[in-house]
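Q: Can you keep this structure in mind? I'll have questions shortly.
Chains as they are written, first to last, in UniProt numbering: chain A, 1 to 341; chain B, 1 to 341; chain C, 1 to 341; chain D, 1 to 341.
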């Protein structure tokens, strides 16, 4: 019984495991100063065309979000997020636990736009009785599968710079965003338009690992302290370095993400061609088709997935996620099942 | 050039890597609900003879220390530690960052005794102008290689229970403690005498991983929330589960630790037989011989290690650490070098 | 030019100032152990008919809210509040700064009901990826002038006890609530239905001061530590004790609040009799009539007050607040102005 | 029975109480924007000859220490203090509760010197495994009565600027320091040599109140938010403004402090002339004579004070504190008692 519940149901890409074996007994410095981490950072700096960037490898998304946000905000400052944003919806108050409010905004598609920020700034103007909005948190792709295009990100970035807001992009699924069919952003663009962002490994072929990039190096100058203080600095940093090295060396990272997108979009196309509608527009590896509850029950006999949201008495949206590891033949089988619904 | 700088210079035991490969494409639940984690917990509960214990797998020592301490203390409470304790000396204020003072005690050998606690309670009696000491943090083996014997741990445990103090043991190197020649404690004893402790994987054959055991399950009832909040809950929890499963199944964990101890003690014996003295008494895998600076310079030409503490103008103590991965032939070569000093 | 902007525009009731003078050179213990504080606590315990209650005097509302909430929640727990609640709307993230999320609920009238809590518990059920709702924060009177009646508070209290939620009432304006014409709650009821509440002095005749009452004394057992730690324990606690002693001795506290209510309701009646509508229903000392912008401009020439909320192009709601110190003749003059609008 | 236990046993100077009465019904803006606060700030700016300084009024010492320190440190930074410093010894972990370590230094006289800082910086050099020392906290006068002279403060200030450390002076008893016989510092000097300091009212004639001065205004630019967030912003800020206005207008503040010093020094002289020794050198209003336990018992029959520190089986040091309110005739009586010991 195959599950489409998440993009972290399997282990790691075999090349990563092979590299772990090949390097296993080479002694290395601890705490991120191993040769693999250093080389992986070098490749990333090249890819964003900025030799001065500060790069750090962490273990997971929540950890990355909380360390980046806590390191950049002063105690009276807050971060703005879509209400569907991971930091608000799925992280057990991790940001508030560092002392900062997450100001939320209702959005149709999980994406923030300057008008959202404008209304937050207006609402939070009664200084000093309210926190000071100082950072904007966005996800790309978002938690509901949508992506930012270039003009959207440019507009958001301009607005943030005008109003002295930091722009932070959660890239737990950045690979999927940048390899979507309708994407027009490059990794270098992401670095240019944001103040800090990360490239997620956990959901795209690594056992664990997120690469944080401070394009403005001054913002990351003392982030090493924060990593250690929050328990995010692995003694055997090599495990993170080796993984990103393998993922980035020959573009494996983006190839894996594209594979995931293609599989999800095959499934989406099958639903679409039979006239099903979707809860959200997604060109990435998460799709949210709306089915009858009977159809859901039928599919659940052979496949596992989350029922995402009740629509009405007879319908619900489900979430289907594919990953780098999703076999094409399973997808084709699933497509056949859809045809038979 | 071999380095004796740490016990985390290599990767993982080959059996672990093999298991990662063997299980790589088996789909699993995320967030620690994979079958490997569940089985590893089961083995651990058996080893401490407590089916009710609450067990969690984390990534590293600092992360484990801060989540355990922050989850158990109320906001006005503090933890007592030896000044050499890892939470005070090496964790970038991780405990204070969760809002709690670390009250330190000077010790000769890195070990806390009831008299130390007695004097802290006396010093912190002017309620409410001082924090309330509520937890005692000890390491076994300690940061300077020493271990607790049964009567010492029993005395400390009794005192803590009498005075309503929680006893927490940092077991980053618990394997090394329990396999030392002069150890008389079992894993079950550790569980009985402490309120919570952990078993370190990172420094004993794993890529990363620490197993926290709440013998009194009520203390760990809601620790899952804290794990997630502090960014310690890995999406692919399987990586921790698989490692502990391999380490615990056939006693590999203790065999590896014993190997490390044996190698370090061979080196110690070589120094001792030539009349060298040591900064601390250690029967585990960290030793601190005192050498002349000329001798240190000579050894540094072929081996790498930390100069730990200046003793006088002509002498310093060095720290040598061995691990599960330290080859016996390298140790024998090093012993020959010592003979030639 | 008289201002109706707040109920803290003047100093203290003259009896308080006189008592400060009369006791000025009597030496007292510091930190709340003065005889006046002790006597004031005694009176309060009698008024709620609970000699075991734990009572503390603090300086202001935000300070009281943050110390009470931070002392009672564990690190992964959250507090539920109306979106208009002071802890969410007006305290610069004070609660989040102690590490806890404020979960907000939209309400029509600033009051929480069991259905609100029910939907929060449903939304926050995906343990451990979300915080654990553990406390309910309500204000009485609310920030928009409304009050809880007995059946409402009883229902809320029952629900909280059933679902193991703590109920905390912000009583910055509790005097005004309990002396409103339509109130059917006594101070003893408040103590019975809540787990902890406070009685505000700052907005009802004191220079500063809020009295926190833990009816369940076990909840306040170690609150003294928290007071000191958060900078809320005054060296000269006498200043708080003396004020509450004067306010509580001969029911002055409730007489002052009733005076404020009566004045506000005279103004409300004047608006009502001319057919004006109100943004919120209020029987206390804050009223929110809706006027044309021309009428507002006219009134602002002689009186000061806040324009609270824009209604449409030509109308806005204003906030008028009266206090213990509002002279009746000013109110009568203002009523005449209303008649001339 | 007169008590020499503290300098906060009485109320406020009568001129302050009179001013409270005189201004009681003048309506004022809340939250520190009243005319009295503004005028008091103006006087202070003149006294330190810096019209750009940022000044805030708070309620007490612990509150001031924690808000200033928390507002200026980043999350991985720490503050250095003498072990006798109030923030370490008497504030229930208030600083750690904001997330920061207090690094302590043993001193002979409660005063920090560059050599102390030098050794802390050396000890805390293993980045990123240790916190970053960033602020130096000193008290003047110290918790044991001693004061900084100009050359000491100059040396400390230079060292801090060289090493990029912020210098913060706790001036809870700054009046007593600046009016001691052996003082050679002016208020303007204090402002020049420190980055931020405060002038304590609570222990020198006010009911409550501390005035924080950021001589470098950029450091205090957003301190208003922090005040509100930590519950330190009084709705009726007038109570703080009025007190500082009275204390500062005609130099009352310094006259009161000098009175306290003179009384304590009369007592010290009486002990000294009979050959008693002292635990610490103090020229201010706290003295610590060493007496036999029999002598202490005899004095305790007529006066109250703290037994500060046991010296040996037959001797102990006591602490005697005088204040602005200590009557000269009581001091003369006490001096007679000393003569009879």
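Idealized CB from N, CA, C, for every residue including glycine.
Is there at least one Cβ from chain D nearer than 9 angstroms to residue 104 of chain C's Cβ?
A: Along the third chain, read from residue 1 onward, the residue named residue 104 of chain C stands at position 104. It does not; no Cβ of chain D falls within 9 angstroms.
Q: Can you list the residues of chain D that residue 96 of chain B reaches, using a CB-CB cut of under 7 angstroms?
A: For the purposes of this step, residue 96 of chain B is taken as residue 96 along the second chain, with counting starting at 1. Ordered by position in chain D, the residues that pass the 7 angstroms Cβ test against residue 96 of chain B are 96, 99, 100, 101.
Q: Inspect the CB distances between the region 171-188 of chain D and the region 134-153 of chain D and report whether three or more fall short of 8 angstroms.
A: yes
Q: Could you check whether residue 124 of chain D and residue 131 of chain D sit closer than 9 angstroms to each other, using their CB atoms as the reference points?
A: Translated into positions along the fourth chain, residue 131 of chain D becomes position 131. Translated into positions along the fourth chain, residue 124 of chain D becomes position 124. It is a contact, given that the beta carbons lie within the stated cut-off.
Q: Taking residue 94 of chain A and residue 63 of chain B to be in contact with their CB atoms under 8 angstroms, please state how far apart those CB atoms are, rounded to whole angstroms.
A: Residue mapping note: residue 94 of chain A aligns to position 94 of the first chain, counting from 1. Residue mapping note: residue 63 of chain B aligns to position 63 of the second chain, counting from 1. That pair is no contact at about 13 angstroms.
Q: Just mark residue 275 of chain B as buried or exposed, buried being the case when its beta carbon has 16 or more other beta carbons within 10 Å.
A: If you number the second chain from 1, residue 275 of chain B lands on position 275. Exposed, because fewer than 16 other Cβ atoms sit within 10 Å of the Cβ of residue 275 of chain B.
Q: I'd like to know whether the C-beta of residue 78 of chain B is nearer than 9 angstroms to at least one C-beta of chain D.
A: Start at 1 with the first residue of the second chain, and residue 78 of chain B comes out as number 78. Yes, because at least one Cβ of chain D sits closer than 9 angstroms to the Cβ of residue 78 of chain B.
Q: Please go through the region 120-156 of chain D and give each complete beta strand (DSSP E) segment of 3 or more residues, from N-terminal end onward.
A: 132-139
Q: Cβ of residue 107 of chain B within 9 angstroms of Cβ of residue 82 of chain B?
A: Looking up residue 107 of chain B in the second chain gives position 107. Looking up residue 82 of chain B in the second chain gives position 82. In contact: residue 107 of chain B and residue 82 of chain B (Cβ atoms closer than 9 angstroms).
Q: Should residue 71 of chain B and residue 74 of chain C be called a contact, given that it needs their Cβ atoms to be closer than 9 angstroms?
A: Taking the first residue of the second chain as 1, we reach residue 71 of chain B at position 71. Taking the first residue of the third chain as 1, we reach residue 74 of chain C at position 74. Taking 9 angstroms as the Cβ cut-off, residue 71 of chain B and residue 74 of chain C qualify as a contacting pair.
Q: Using the beta-carbon of each residue, which ones in chain B are nearer than 8 angstroms to residue 224 of chain C?
A: Here residue 224 of chain C refers to the residue found at position 224 when the third chain is read from its first residue. Under the 8 angstroms cutoff, chain B gives 127, 128.
Q: Starting from residue 309 of chain C, trace the beta strand (DSSP E) in both directions and tell me its first and last residue.
A: Counting from 1 along the third chain, the entry for residue 309 of chain C is found at position 309. DSSP places residue 309 of chain C inside the beta strand (DSSP E), whose first and last residues are 306-310.
Q: Taking CB distances under 9 angstroms as the criterion, tell me whether residue 3 of chain C reaches chain A.
A: For this step, residue 3 of chain C is matched to residue 3 along the third chain. By this cut-off, residue 3 of chain C is not an interface position.
Q: Closer than 9 angstroms, CB to CB, is residue 137 of chain A near chain D or not?
A: Position 137 of the first chain holds residue 137 of chain A. It does not: the Cβ of residue 137 of chain A has no partner Cβ on chain D nearer than 9 angstroms.
Q: Let me check you understand the geometry: is the CB of residue 203 of chain B closer than 8 angstroms to at least one non-hydrogen atom of the ligand FMN?
A: No copy of the ligand FMN occurs in the structure displayed, which carries no ligand at all.
Q: For residue 69 of chain C, which residues in the same chain have their Cβ closer than 8 angstroms to its Cβ, ignoring the five residues on either side in sequence?
A: As a working mapping, residue 69 of chain C is identified with position 69 in the third chain. Counting only Cβ-Cβ distances below 8 angstroms, and skipping sequence neighbours, we find 79, 87, 95, 98, 100, 135, 137, 168.
Q: Do residue 279 of chain C and residue 324 of chain C have their CB atoms nearer than 9 angstroms?
A: Position 279 of the third chain holds residue 279 of chain C. Position 324 of the third chain holds residue 324 of chain C. Cβ atoms of residue 279 of chain C and residue 324 of chain C: not closer than 9 angstroms.
Q: For residue 190 of chain A, which residues of its own chain have a beta-carbon under 6 angstroms away from its beta-carbon, when the five flanking residues on both sides are left out?
A: For the purposes of this step, residue 190 of chain A is identified with residue 190 of the first chain, where counting begins at 1. So the list reads 197, once near-sequence residues are dropped.
Q: Within the 9 angstroms Cβ cut-off, does residue 120 of chain D reach chain A?
A: Reading the fourth chain from its first residue, position 120 is the one you call residue 120 of chain D. Taking Cβ atoms only, chain A never reaches closer than 9 angstroms to residue 120 of chain D, which makes this a no.
Q: What in chain B is Cβ-close to residue 92 of chain D, meaning under 8 angstroms?
A: Residue 92 of chain D sits at position 92 when you count from the first residue of the fourth chain. Neighbours of residue 92 of chain D on chain B, chain order: 76, 128, 129, 130, 131.
Q: Evaluate residue 111 of chain B with the Cβ neighbour count: other Cβ atoms within 10 Å of its Cβ, from every protein chain shown; 16 or more gives buried, anything less gives exposed.
A: On the second chain, position 111 is the one that residue 111 of chain B refers to. Per the 10 Å Cβ criterion, buried.
Q: Look up residue 52 of chain C in the DSSP assignment and say whether it is helix, strand or coil.
A: Stepping through the third chain from its first residue, residue 52 of chain C is reached at position 52. If DSSP states are grouped into helix, strand and coil, residue 52 of chain C belongs with coil.
Q: Candidates D:272, D:109, D:178, D:302: which alpha carbon is nearest residue 84 of chain D's?
A: Sequence index remark: in the fourth chain, residue 84 of chain D carries index 84 (1-based). Measuring C-alpha to C-alpha distances from residue 84 of chain D to each of D:272, D:109, D:178, D:302 identifies D:109 as the nearest.
Q: Could you confirm whether any beta carbon from chain C is found closer than 9 angstroms to the beta carbon of residue 70 of chain B?
A: Walking along the second chain from the start, residue 70 of chain B turns up at place 70. True, the Cβ-Cβ gap to chain C drops below 9 angstroms.
Q: Kindly identify the DSSP beta-bridge partner or partners of residue 41 of chain B.
A: Counting from one through the second chain, the residue named residue 41 of chain B turns up at place 41. Its beta-bridge partners do not exist; DSSP assigns none.
Q: Identify each residue in the region 17-30 of chain D for which the Cβ-Cβ distance to at least one residue of chain A is less than 9 angstroms, and report them in chain order.
A: none
Q: How far does the alpha helix (DSSP H) with residue 242 of chain D in it reach, from first residue to last?
A: Numbered from 1 along the fourth chain, position 242 holds the residue referred to as residue 242 of chain D. Taken as a continuous stretch (DSSP letters only), the alpha helix (DSSP H) holding residue 242 of chain D covers 238-249.
Q: In the DSSP assignment, what residue or residues form a beta bridge with residue 319 of chain B?
A: Locating residue 319 of chain B in the second chain gives position 319, counting from the first residue. In DSSP, residue 319 of chain B forms a bridge with B:306.
Q: Can you list, in chain order, the residues of its chain whose CB lies under 8 angstroms from that of residue 233 of chain B, leaving out five sequence neighbours each side?
A: Your numbering for residue 233 of chain B matches position 233 in the second chain. If we look at residue 233 of chain B and ignore the five residues flanking it on each side, its Cβ neighbours are 31, 32, 224, 227.
Q: So for residue 297 of chain A, helix, strand or coil by DSSP?
A: By one-based count along the first chain, residue 297 of chain A stands at place 297. The answer is helix: DSSP assigns residue 297 of chain A an H, G or I state.
Q: Here's the rule: buried if 16 or more other CB atoms are within 10 angstroms of the residue's CB, otherwise exposed. What is residue 359 of chain B?
A: Here chain B has residues from 1 to 341 only, and residue 359 of chain B is not among them.
Q: So, does the region 47-67 of chain A touch the region 33-45 of chain B, judging by three or more C-beta pairs under 8 angstroms?
A: no
Q: State the beta-bridge partners of residue 276 of chain B as determined by DSSP.
A: As a first step, residue 276 of chain B is located in the second chain; it is residue number 276 there, counting from the start. Under DSSP, no beta-bridge partner is assigned to residue 276 of chain B.
Q: If you follow the beta strand (DSSP E) that residue 290 of chain C is in, where does it begin and where does it stop?
A: Indexing the third chain from 1 puts residue 290 of chain C at position 290. Run containing residue 290 of chain C: 290-292, per the beta strand (DSSP E) assignment.
Q: Return the first residue and the last residue of the beta strand (DSSP E) that residue 80 of chain A is part of.
A: Along the first chain, one-based indexing puts residue 80 of chain A at 80. Residue 80 of chain A -> beta strand (DSSP E) spans 77-82.
Q: Starting from the Cα of residue 219 of chain C, find the closest Cα among C:195, C:116, C:329, C:22 and give me that residue.
A: Mapped onto the third chain, residue 219 of chain C falls at position 219. Of the listed residues, the one whose Cα sits closest to residue 219 of chain C is C:195.
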